[in-house]
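A.B. asks: In my numbering, the protein residues as written are 5 to 299.
Virtual Cβ for every residue (Gly too), placed ideally from N, Cα, C.
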């Protein structure tokens, strides 16, 4: 038998290196954070607690009272003058309905469509990652931004609260007293819950981003959907549908400031976000897996 007759086994297909995937994630995150648009969004988020803190401080000095909210401010705002840590909770309550989801919607909407618009999507797919791994990397980058944006609001509020108001033991919604250290722990937990509340928004924005090659159109559509859902969630006639809107349980994080903690709405919120991630994440994967990449 000649050497030519001997069958040579085929070389195994190259598999993506996990380290290469980590490098891709780091690269995507670095590119996202270096964009002026992203820095501007983070700057606006950091400015919101500053404006709230200054407004409460001026109002307190003006009326000489303990900073009541007149029944019209975000949750916890009446307690800011007593303890600056409450500015963290107030800032998160003020930014969660619009500013935080808008920022996440802009980043998620631009994830795929922005690459296609810039003509770089085909080059990313040339690397040995595949469409699924690239999509997961884009979503992971958006999730990292969710966490970063939330922590920026919390850190800015904590710094402003410490500068303008006293710090110390605080009173929960239930009327019990907890230490400042425990309050900081609950503030961190609230920030994590707020970031988790944005996962459904991130999945929705990523799905929209796979539908078009225009980054601006994807961002505008995602933000438009966010505003529409927020409006629908305020219409009494839609009360039967509202528990299924991704924003319905967003402010349930306030239950973490009760003693004992009320978990019902918190669990419903996390379950609802997981459902949106599963549905729109699968839709984004199905769309991107069959999408004709021309740019």
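As a quick exercise: from 104, 126, 60, 101, pick the residue whose alpha carbon is nearest that of residue 83.
C.D. replies: Of 104, 126, 60, 101, the residue nearest in Cα terms is 60.
A.B. asks: Can you grab the Cα-Cα spacing for the pair residue 144 / residue 29, in whole Å?
C.D. replies: Distance between the alpha carbons of residue 144 and residue 29: 8 Å.
A.B. asks: Between the C-alpha atoms of residue 157 and residue 49, what's the straight-line distance to the nearest angstrom?
C.D. replies: Residue 157 and residue 49: Cα-Cα distance of roughly 6 Å.
A.B. asks: If we ignore side chains and look at the alpha-carbon of each, how far apart do residue 155 and residue 195 end up?
C.D. replies: Answer to the nearest angstrom: the Cα atoms are 7 Å apart.
A.B. asks: Output the distance between the C-alpha atoms of residue 95 and residue 153, rounded to the nearest integer angstrom.
C.D. replies: Residue 95 and residue 153: Cα-Cα distance of roughly 12 Å.
A.B. asks: Compare the C-alpha of residue 1 against each of 240, 272, 159 and name the closest.
C.D. replies: Because the chain in this structure spans residues 5 to 299, residue 1 falls outside the shown range and cannot be described.
A.B. asks: Using the DSSP secondary-structure output, state which residues sit across from residue 174 in a beta bridge.
C.D. replies: Residue 174 is bridged to 182.
A.B. asks: Is the shortest distance between the beta-carbon of residue 176 and the beta-carbons of chain B less than 8 Å?
C.D. replies: This model lacks chain B altogether, as it is built from one protein chain only.
A.B. asks: Decide yes or no for the touch test of the stretch 96 to 104 against the stretch 117 to 124: beta carbon pairs closer than 8 Å, at least 3 of them.
C.D. replies: Counting Cβ pairs under 8 Å, fewer than three are found: no touch.
A.B. asks: Pull up the distance between the alpha-carbon of residue 292 and that of residue 178, whole angstroms please.
C.D. replies: The alpha-carbon atoms of residue 292 and residue 178 are separated by roughly 48 Å.
A.B. asks: So for residue 277, helix, strand or coil by DSSP?
C.D. replies: If DSSP states are grouped into helix, strand and coil, residue 277 belongs with the helices.
A.B. asks: Leaving out the 5 sequence neighbours to the left and right, which residues in its chain are closer than 7 Å to residue 295 when beta-carbon positions are compared?
C.D. replies: Contacts found: 214.
A.B. asks: Tell me which residues share the same chain as residue 88 and place their Cβ nearer than 7 Å to its Cβ, disregarding the 5 neighbours each side in the sequence.
C.D. replies: Hits under 7 Å: 165, 166, 168, 169, 170, 171.
A.B. asks: With distance defined between alpha-carbon atoms, name the residue in 277, 117, 26 nearest to residue 137.
C.D. replies: The candidate whose alpha carbon is nearest that of residue 137 is 26.
A.B. asks: Determine the contact status of residue 104 and residue 53, defining contact as a CB-CB distance below 8 Å.
C.D. replies: Not a contact, by the Cβ cut-off of 8 Å.
A.B. asks: With C-beta atoms as the reference, is residue 288 less than 8 Å away from residue 211?
C.D. replies: Cβ atoms of residue 288 and residue 211: closer than 8 Å.
A.B. asks: Looking only at its own chain, which residues have a Cβ that is under 7 Å from the Cβ of residue 265, when we skip the five neighbours before and after it?
C.D. replies: Closer than 7 Å at the Cβ level, and outside the excluded window around residue 265, lie 259.
A.B. asks: Who are the Cβ neighbours of residue 14 in its own chain at under 7 Å, not counting the five residues just before and after it?
C.D. replies: Note that residue 14 scores 42 on pLDDT, short of 50, meaning its location in the model is unreliable and no value can be drawn from it.
A.B. asks: To which residues of the same chain is residue 246 closer than 6 Å at the C-beta, ignoring the five residues directly before and after it?
C.D. replies: Result list for residue 246: 237, 252, in chain order.
A.B. asks: For residue 192, is the classification buried or exposed, using 16 other Cβ atoms within 10 angstroms of its Cβ as the cut-off for buried?
C.D. replies: Exposed, because fewer than 16 other Cβ atoms sit within 10 Å of the Cβ of residue 192.
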